[in-house]
Every structure is written in structure tokens, then in C-alpha cells.
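Trainee: Residue numbering for the sequence shown follows this note's numbering, beginning at 8 and increasing consecutively.
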Amino acid sequence: RAVKKARERALKQGIEQGKDQGVLLNLVTIVLKKAKKGMRAAEIAGMLEEKVACIQTILKIKEEHPDYTEEQIAMKMISKSFYPATLRNKERLNEENGKFPFA
8 RAVKKARERA LKQGIEQGKD QGVLLNLVTI VLKKAKKGMR AAEIAGMLEE
58 KVACIQTILK IKEEHPDYTE EQIAMKMISK SFYPATLRNK ERLNEENGKF
108 PFA
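Given below as C-alpha cells:
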């Protein structure tokens, strides 16, 4: 019974993480398109209703790693806990078992 609950919890967490990663990947894609058109971080943040720091992080990673794909940028943000959804999941997982897969 405990194993079944643990398995269900792990599945739910995996689904939530997948959703968050998909949202982040979409954000990275849009931000890079807008930046390519000459928009600045503050403009993009205002348009997308995101925090300027989040947009700046995406642009900084791309600047530091011009060869990175959108997926690699998203994973870098997740691994460094730059993205709010990542932080939310980290807090939730820490409450449950003290572990976070990307830390």
C-alpha cells in the first residue's frame, strides 16, 4: 500500500515537472524570437507578463552559450532553479521527501 502511494506520488510529480518544463520551453522559444526581432528584456517581460529577471536569465544563457538549443537553455534554467515553477516544485518536493531531482 505504501509502495502504491509512493508510486502514485512520483507519477504525479513527474507529470507536474513535465508540464512545467513544457511551459518553460515555450517561454524560452518566445523570448528568443522576440529578442531576435530586437526587443529588449524589459519589453519582452512586459508583453509576456513575466519577471524581467527571468527574461534576462534566458538571454544571458543564450549569450554565454550561443550554440545551446532552446531545450538546453530551459534545462540550464531548471538545473539552476531560475524558473519560478522549478522553485515551486522544489519547495513541494522538499516538503515531501527532502529531495529534488535537478538540484
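Ideal Cβ positions, reconstructed from N, Cα and C, are used throughout, including at glycine. The structure presented is a predicted model; accordingly, all values stated were derived computationally and were not measured.
1. M46: which of K87, L66, L18, V10 sits nearest, CA to CA?
2. When the Cα atoms are used, what is the spatial distance from R95 to K87?
3. Quick one: which unbroken beta strand (DSSP E) runs of 3-plus residues sit fully inside the stretch 40-88? Chain order, please.
4. Quick one: measure Cβ to Cβ for L39 and K69, integer angstroms, because I've assumed they're closer than 8 Å.
5. Within 10 angstroms of its Cβ, does R99 collect 16 or more other Cβ (buried), or is it exposed?
6. Does DSSP put R16 in a helix, in a strand, or in coil?
7. Which one of I85, K83, M84, E78 has the shortest CA to CA distance from T36?
8. Distance check for R8 and Q63, CA to CA, integer angstroms please.
Mentor: Well, looking at it:
1. What you label residue 46 is simply residue 39 of the sequence shown in a count that begins at 1. When only C-alpha atoms are compared, the closest one is L66.
2. Position 88 of the sequence shown, counted from the start, is the residue given in the question as residue 95. Position 80 of the sequence shown, counted from the start, is the residue given in the question as residue 87. Residue confidence is low: R95 scores 49 on pLDDT, short of 50, so the model does not pin down where it sits. Its coordinate-derived value is still stated next. Rounded to whole angstroms, R95 to K87 spans 13 Å at the Cα level.
3. The stretch 40-88 contains no whole beta strand (DSSP E) run of 3 or more residues.
4. To locate residue 39, count along the sequence shown from 1; it is residue 32. To locate residue 69, count along the sequence shown from 1; it is residue 62. So it is a contact: roughly 6 Å between Cβ atoms.
5. As a first step, residue 99 is located in the sequence shown; it is residue number 92 there, counting from the start. Note on R99: pLDDT 46, under 50, position unreliable in the model; the coordinate value appears next. It is exposed - the Cβ of R99 has fewer than 16 other Cβ atoms within 10 Å.
6. Walking along the sequence shown from the start, residue 16 turns up at place 9. If DSSP states are grouped into helix, strand and coil, R16 belongs with the helices.
7. Residue numbering aside, residue 36 sits at position 29 when the sequence shown is read from its first letter. Closest by alpha carbon: E78.
8. Locating residue 63 in the sequence shown gives position 56, where the first residue counts as 1. Locating residue 8 in the sequence shown gives position 1, where the first residue counts as 1. Going from the Cα of Q63 to the Cα of R8 covers about 46 Å.
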